[in-house]
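*Asks:* In terms of my numbering, the sequence shown opens at residue -2 and continues consecutively.
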Amino acid sequence: MNARAAAVTALEAMIGYRFTDRDLLERALTHSSVGDGSRAVSHYQRLEFLGDRVLNLLAAERLMEDLQAEEGQMSRRMAALVSTSACARVARRIGLSPALRLSASATKVGARESENVLGDACEALIAAIYLDGGLEAARAFFNPVWTPEFEQLEDPALREPKTRLQEWAQGQRLPLPAYRIAARTGPDHAPAFTVEVKVEGLPPERAQGRTRQEAEKAAALAMLQKHVIVP
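This is the structure:
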């Protein structure tokens, strides 16, 4: 068994689900760089579209269990739970990276550890589980691996990271954090933003997101985690 095959086996063991349709699993783990964009190679982009919708449903279901949460609070929590950053953290948690199929060139530039790649692949995996085993199988996958994301929502230091970082800077009598778009990639209908945040006296931090706002929040959170607080 080669290294990637072993990684796929380990991934199924980690998520507690064994695929009946092996081709579906392979498609969920295949990046669009494989085959240099050839239409003959099935990759995960279409699955990602479905996985995003399944993820939103599962997150909304679980949020509804909290009868004390108000609508505005639920919306903020929902955005955090289904963000690229959350999906990427889950992907790392379940060992998705070594199971991915990428071209040599994409691997060389670090795509295997890219937050966007991991986030998209995680959504594709959710869709594949849903198509292979139904909604109950997708829910059985979602609940345990997303539990740390729900727990994180209760940590005030990790909620609204831009506000938290701004308050910290003001408390230190520093200028407000400055954000800039360092890169914008991807097609117009599905762009990916890389944002850099600077705080006087600290090294800058960068993070990715599907929108500028999401990337700014992720960059602020990275700054908080590395230089300001220890969650």
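For every residue, glycine included, the Cβ atom is placed at its ideal position computed from N, Cα and C.
Taking 8 Å as the cut-off, decide whether the C-beta atoms of LEU132 and LEU21 are in contact.
*Replies:* no
*Asks:* In chain order, what residues of the same chain lie with their CB nearer than 6 Å to the CB of ARG86, ignoring the 5 residues before and after it?
*Replies:* Closer than 6 Å at the Cβ level, and outside the excluded window around ARG86, lies no residue.
*Asks:* Determine whether the beta carbon atoms of ILE123 and ALA134 lie at a separation below 8 Å.
*Replies:* no
*Asks:* When the Cα atoms are used, what is the spatial distance from SER80 to GLU67?
*Replies:* 20 Å
*Asks:* Using the C-alpha atoms, what's the distance from ILE91 back to PHE138?
*Replies:* 11 Å
*Asks:* In its own chain, which residues sit with a C-beta less than 6 Å from the C-beta of ARG177, not counting the 5 before and 5 after it?
*Replies:* GLU193
*Asks:* So ALA96 packs on LEU8, CB below 8 Å; how close in whole Å?
*Replies:* Rounded, the Cβ-Cβ distance is 5 Å, consistent with contact.
*Asks:* Would you mind sorting ASP185 into buried or exposed? The rule is 16 or more other CB atoms within 10 Å of its CB.
*Replies:* Under this definition ASP185 is an exposed residue.
*Asks:* Assuming ALA77 contacts CYS119 under a Cβ cut-off of 8 Å, what Cβ separation, rounded to an integer in Å, is found between them?
*Replies:* With 8 Å as the limit, ALA77 and CYS119 do not qualify as a contact, their Cβ atoms being about 15 Å apart.
*Asks:* Buried or exposed: where does PRO174 fall if 16 or more other Cβ atoms within 10 Å of its Cβ makes it buried?
*Replies:* buried
*Asks:* Apart from the five residues just before and just after GLU232, which ones in its own chain have a Cβ nearer than 6 Å to its Cβ?
*Replies:* Residue 232 lies beyond the residue range present for the chain, which begins at -2 and ends at 228; the question has no answer from this structure.
*Asks:* Any idea if PRO228 is buried or exposed, counting beta-carbon neighbours within 10 angstroms, 16 or more meaning buried?
*Replies:* Only weak support exists for where PRO228 lies, its pLDDT of 44 falling under 50; the coordinates are left without a value.
*Asks:* When burial is assigned at 16 or more other CB atoms within 10 Å of the CB, is VAL196 buried or exposed?
*Replies:* buried
*Asks:* Is the beta carbon of ARG207 closer than 8 Å to that of ALA189?
*Replies:* yes
*Asks:* Between the alpha carbons of LYS159 and ASN(-1), how many angstroms are there, rounded?
*Replies:* Taken atom to atom, the span from the alpha-carbon of LYS159 to that of ASN(-1) is near 44 Å.
*Asks:* Nearest by alpha-carbon distance to LEU93: which of VAL51, ALA57 and GLU23 is it?
*Replies:* Looking at the Cα atoms, GLU23 is the closest of the given residues.
*Asks:* Could you give the distance in angstroms between the alpha-carbon of GLU110 and the alpha-carbon of LEU26?
*Replies:* 14 Å
*Asks:* Could you check which residue in ALA215, GLU211 and LEU162 has the C-alpha nearest to that of LEU199?
*Replies:* LEU162
*Asks:* Which two residues bound the contiguous alpha helix (DSSP H) that contains GLN149?
*Replies:* 132 to 150
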